[in-house]
Amino acid sequence: MSELLIATHNAGKLREFAALFGPLGLTLHTLADLGITADVEETGTTFAENARLKATAYMQLSNLPTLADDSGLEVAALDGAPGVYSARYGGVTGPAQLAYLLQQMQGIPFHQRLARFVCVIALAHPNGTLELAEGLLHGVIEEQPRGTGGFGYDPLFYVVDEDCTLAELPPERKNAISHRAAAACAAYPVLQQWQAQGWL
Ligand code: IMP
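Numbering (this note's numbering), first residue to last: 659 to 858.
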């Protein structure tokens, strides 16, 4: 049987990956399913390093082929911040992060507010193989939050092609264009290849 551990505690991410990988016919496990409660620390300085750390650690705990991801926001005018520190930017979490980001960007004009969401997926196999897949979503940081959907920085992230913020998009649309969806699309052929090789 083709089994894959999706190493996340986030139910939303799990649903997204389950939908995107559906055609592969894999049996997806979660950390909760397997009774894994350990939290792997994200001590890396890049998304790739953190994704690799998590995928490898959870693969070793489960002895199953494992997918882990790391993601965040990079703002060009802030030299790529908050980057890997997106979840705890400015030492605050939740809506206070939006206020903190806006404060950091005070006085920066619209055309210099370019940003991108980055997601790196790491796939770790018990045979020692490790593969990385990256996805990006480009946008502009708004001067005021708009919309109530999504999470994190979504209300400040304006997507030019959609003419709205991520928080104003229906969830299905966000999930179709997101950095996570792009990374999952890049990971898809790796999983197909693992199946063809009999590794899954
Ligand atoms: P992680 O991949 O769950 O560790 O995400 C780290 C942080 O990046 C989150 O806490 C959010 O602040 C930010 N982030 C990642 N993906 C998104 C997204 O799709 N929308 C808004 N914020 C995001």
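From the three backbone atoms N, C-alpha and C, an ideal C-beta is built for every residue, glycine too.
Residue i - DSSP class collapsed to helix/strand/coil
i: Glu-707; result: helix
i: Glu-789; result: strand
i: Ser-729; result: strand
i: Gly-805; result: coil
i: Thr-714; result: helix
i: His-769; result: helix
Spatial neighbours of residue i in its chain, beta-carbon cut-off 6 Å, leaving aside the 5 residues before and after
i: Ser-744; result: Gly-730 and Leu-731
i: Leu-814; result: Leu-756, Ile-799, Glu-800 and Pro-803
i: Arg-774; result: Glu-732, Leu-794 and His-796
Member of the options whose CA lies at the smallest distance from the CA of residue i
i: Leu-760; options: Ala-780, Ile-779, Val-776 and Ala-739; result: Ala-739
i: Glu-699; options: His-687, Ala-713, Ala-690 and Gly-693; result: Ala-713
i: Leu-692; options: Thr-751, Gly-752, Leu-795 and Ala-665; result: Ala-665
i: Glu-801; options: Glu-830, Glu-792, Asn-833 and Tyr-758; result: Tyr-758
i: Thr-751; options: Ala-709, Arg-710 and Gly-810; result: Gly-810
i: Pro-767; options: Glu-789, Ala-735, His-796 and Phe-775; result: Ala-735
i: Asp-723; options: Phe-705, Leu-827, Pro-828 and Glu-789; result: It is Pro, not Asp, that sits at residue 723 in the sequence shown. Nearest option by C-alpha distance: Glu-789.
i: Ile-835; options: Leu-725, Val-848, Asp-819 and Pro-847; result: Asp-819
i: Ala-706; options: His-687, Gln-718 and Ala-726; result: Ala-726
i: Ser-720; options: Val-817, His-687 and Arg-746; result: His-687
Spatial neighbours of residue i in its chain, beta-carbon cut-off 8 Å, leaving aside the 5 residues before and after
i: Ser-660; result: Leu-682, Gly-683, Leu-684, Thr-685, Gln-853 and Leu-858
Neighbourhood of residue i by C-beta distance below 7 Å, restricted to the same chain and skipping five residues each side
i: Asn-708; result: Glu-700, Gly-702, Asp-728 and Val-742
i: Glu-826; result: Arg-804, Gly-805 and Gly-807
i: Gly-748; result: Gln-755 and Tyr-758
Cα-Cα separation, residue i to residue j
i: Asn-668; j: Gln-764; result: 32 Å
i: Asp-812; j: Thr-787; result: 34 Å
i: Val-778; j: Gly-807; result: 23 Å
i: Ala-690; j: His-769; result: 44 Å
i: Leu-663; j: Gln-855; result: 18 Å
i: Ala-782; j: Thr-704; result: 17 Å
i: Gln-850; j: Glu-792; result: 17 Å
i: Tyr-716; j: Ala-696; result: 9 Å
i: Val-848; j: Lys-671; result: 19 Å
i: Ala-676; j: Ala-844; result: 15 Å
i: Tyr-846; j: Asn-785; result: 19 Å
i: Asp-737; j: Thr-823; result: 22 Å
8 Å contact criterion, which residue i and residue j should meet: CB distance rounded
i: Ala-780; j: Arg-710; result: 5 Å
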